[in-house]
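With this note's numbering applied, the sequence shown corresponds to residues 1420 to 1888, in that order. All C-beta atoms in this analysis are idealised placements derived from N, C-alpha and C, irrespective of residue type, glycine included. Keep in mind that this is a model prediction, so the values were computed, not measured. A quick write-up on the structure given underneath.
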Amino acid sequence: MDAYVFGNISPLDHRYQMSDPQLSAELRRYLSEDAFVRYQLQVEVALTEALAARGICSPEVAKAVRAAAAQVTPAEVYERELQTRHNVRALVNAIRDRLPEEARPYVHFTATSMDIMDTARALQYRAVTHEVLLPRLVSLLRTWISLARREAETLQIGRTHGQHAVPITFGFAVAGYVARLGERVERIAAAAANLRGKMAGAVGAYNAASLFFPDPDAFEREVLARLGLEPGEHATQIVAPEYVTDYVHSLISCFGVLANFADDLRHLQRSEIGETGEAFDPQQVGSSTMPHKRNPWNFEHVKSLWKTFMPRMMTVYMDQISEHQRDLTNSASGRFVVEIIAGLALAAARLDRESQRLVVDRAAMARNFAQSRATIIAEPLYIMLASAGHPDAHEAVRRLTLEAERLGRPLPELVQERAELQPYLERLTPQQRAVLSEPERYVGLAAHKARSLCDRWEERLGRLEANKM
């Protein structure tokens, strides 16, 4: 184990890097400072190549700029920044100093720093989304689809407000998360595709470019097209912040779905519920002092990551505000967006692994259902009595449930003893009356809905993947 890793400050760079070294290595390729410098170099190269296509400089100059940019290192840029006190000027000088004198004027020609940085961020976020984040989320979604299908018929007591409600199936509960996550995956893909760049100059009005091009906005599109991007509808010195705001919102709202699932599964592992459990390795320790403990720590970990990154959405909203054509109040805060992306990817990978290994205790689900078996007929009883013409069915059933509780007797027994209810019960179909004695039947479309949602999302995932997300 590399001891240097423990010199890092962020838990993302030591603790969570070691928990998933392969994913951490992938994230570094896109989200590290090294990666961001290289994305900026790509933008500078695209600018010079577009200049060459317009005849402002020669193709040989553009080739020389590309070759020089390939030699620039982030360490060199940072060293030069100590003198320039300006990061992009340091990067530009690192390229220029590797060029013949006649080529140097065309590096960063007509551009301002944020043309380079905002465009590079769009490239960076889009790439990591498609290459790392979305594949992890899609894998998790497929795992949940498999779980929902497997447990589509598994009877479970539904819960609202922490109390037993009416029956569902465990597959139906999981399918709800399939739908929620699927929608978030589509939203993330769309938001990433809508990230924009710019090449509009110091205040976004194409002041410098208009000295050389009759159509500087068309030139901007040509530069960005080389990078696979489009310009925004309008820019100042910066790209309009709403593109990144929408993107990060899609990440945070997705994180919320993961946290909600993790929290549900954490509660289902309570000793008094015990319906699910994390897989427990033979050498695993649940507590430093209580050897019998098996804590739901992976699900708690996902919720804890969400608690860390969810509040950062407020900072992103605050970064929408930039004085006049631009100020620097987002210069520090904007650099931490990469951590939100990394945190979500790590959470998705962990939740995928634990969902694949999830232990479902169907016997415990049946036992918990049995606890309320005699009372959950209250809802269908009230509705059926009302459909049969009872003038105040809800109140009649409410009083009957209180009496059953007071006497300690099953509600179905009291129903059969109430002569005043029999005329209404006789009007019910045999299938309706069967629910009163077999509440397991009262699951509505739970199993069907679970399967249909799985079918729908497998089809939508196929289309998403066909479009390369």
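Check, Outcome
"Among ILE1671, THR1588, PHE1718, nearest to LEU1864 - alpha-carbon criterion", "THR1588"
"Classification of LEU1510 by the beta-carbon crowding that lies within 10 angstroms, buried from 16 upward", "buried"
"For VAL1593, the nearest candidate out of PRO1493, ALA1612, LYS1868, ASN1427 (CA to CA)", "LYS1868"
"Every unbroken alpha helix (DSSP H) within the region 1541-1595, with a cutoff of 4 residues, ordered by chain", "1553-1569"
"LEU1442 vs ALA1764 beta-carbon contact at 8 angstroms", "yes"
"The region 1748-1762 touching the region 1442-1451, judged by at least three CB pairs closer than 8 angstroms", "yes"
"Classification of ILE1657 by the beta-carbon crowding that lies within 10 angstroms, buried from 16 upward", "buried"
"Among ASN1787, ALA1454, THR1727, the one whose alpha carbon lies nearest that of GLN1936", "Because the chain is modelled from 1420 through 1888, residue 1936 falls outside the range shown and cannot be assessed."
"Counted within 10 angstroms of its Cβ, other Cβ atoms place GLN1459 as buried (16 or more) or exposed", "buried"
"Buried or exposed (CB count within 10 angstroms, at least 16 for buried), SER1774", "buried"
"C-alpha distance - ARG1870 paired with THR1529, whole-angstrom precision", "57 angstroms"
"Contact the region 1678-1685 vs the region 1733-1746: 3+ CB pairs below 8 angstroms", "no"
"Where GLY1616 sits in the DSSP three-state scheme", "strand"
"Backbone secondary structure at ALA1698 - three-state DSSP", "coil"
"Span separating the alpha-carbon of HIS1549 from that of SER1629", "35 angstroms"
"ALA1767, DSSP secondary structure in three states", "helix"
"Those residues which DSSP pairs with PRO1650 across a bridge", "GLY1616"
"CB of LEU1770 within 8 angstroms of CB of ALA1807, strictly", "no"
"Residue from ALA1783, PRO1810, ALA1488 whose Cα sits closest to the Cα of SER1690", "ALA1783"
"Uninterrupted alpha helix (DSSP H) stretches inside the region 1822-1858 (no shorter than 4 residues)", "1830-1836, 1841-1844, 1849-1856"
"Buried versus exposed call for THR1748 [16 or more other C-beta atoms within 10 Å across all chains shown]", "exposed"
"VAL1622 - DSSP class collapsed to helix/strand/coil", "coil"
"Neighbourhood of SER1672 by C-beta, 8 angstroms cutoff - its chain only, sequence neighbours within 5 removed", "ARG1603, ARG1606"
"Proximity of ALA1654 and GLY1696 at Cβ, strictly below 8 angstroms", "no"
"PRO1694 to ASP1780 span [Cα, whole Å]", "Residue identity check: residue 1694 is Glu in the sequence provided, not Pro. The straight-line gap from Cα to Cα measures roughly 5 angstroms."
"Nearest residue (CA-CA) to SER1791, options PRO1831, ASP1537, LEU1777", "PRO1831"
"Integer Cβ distance of ALA1513 from ARG1523, believed to fall under 8 angstroms", "Actually they are not in contact, since the Cβ atoms of ALA1513 and ARG1523 sit about 12 angstroms apart, beyond 8 angstroms."
"DSSP state of VAL1862 mapped onto helix, strand, coil", "coil"
"Short Cβ contact (8 angstroms threshold) for ALA1571 with GLY1590", "yes"
"According to DSSP, residues forming a beta bridge with VAL1778", "GLY1696"
"DSSP beta-bridge partners of VAL1658", "ALA1654"
"CB contact below 8 angstroms: ALA1628 versus chain C", "No chain C is present in this structure, which holds just one protein chain."
"Reduced DSSP category for VAL1399 - H, G, I as helix; E, B as strand; rest coil", "Residue numbering for the chain in the displayed model covers 1420 to 1888; residue 1399 lies beyond these limits and cannot be assessed."
"Given ALA1678 as reference, the closest of GLU1479, PHE1425, ARG1837, TYR1596 once Cα atoms are compared", "TYR1596"
"Nearest-angstrom Cβ-Cβ length linking ARG1728 and PHE1674, presumed shorter than 8 angstroms", "Note on identity: in this sequence residue 1728 is Phe, with Arg being the wrong assignment. Yes, PHE1728 and PHE1674 are in contact; Cβ-Cβ is about 6 angstroms, under 8 angstroms."
"Own chain, CB closer than 7 angstroms to SER1558, minus 5 neighbours either side, in chain order", "ASP1771"
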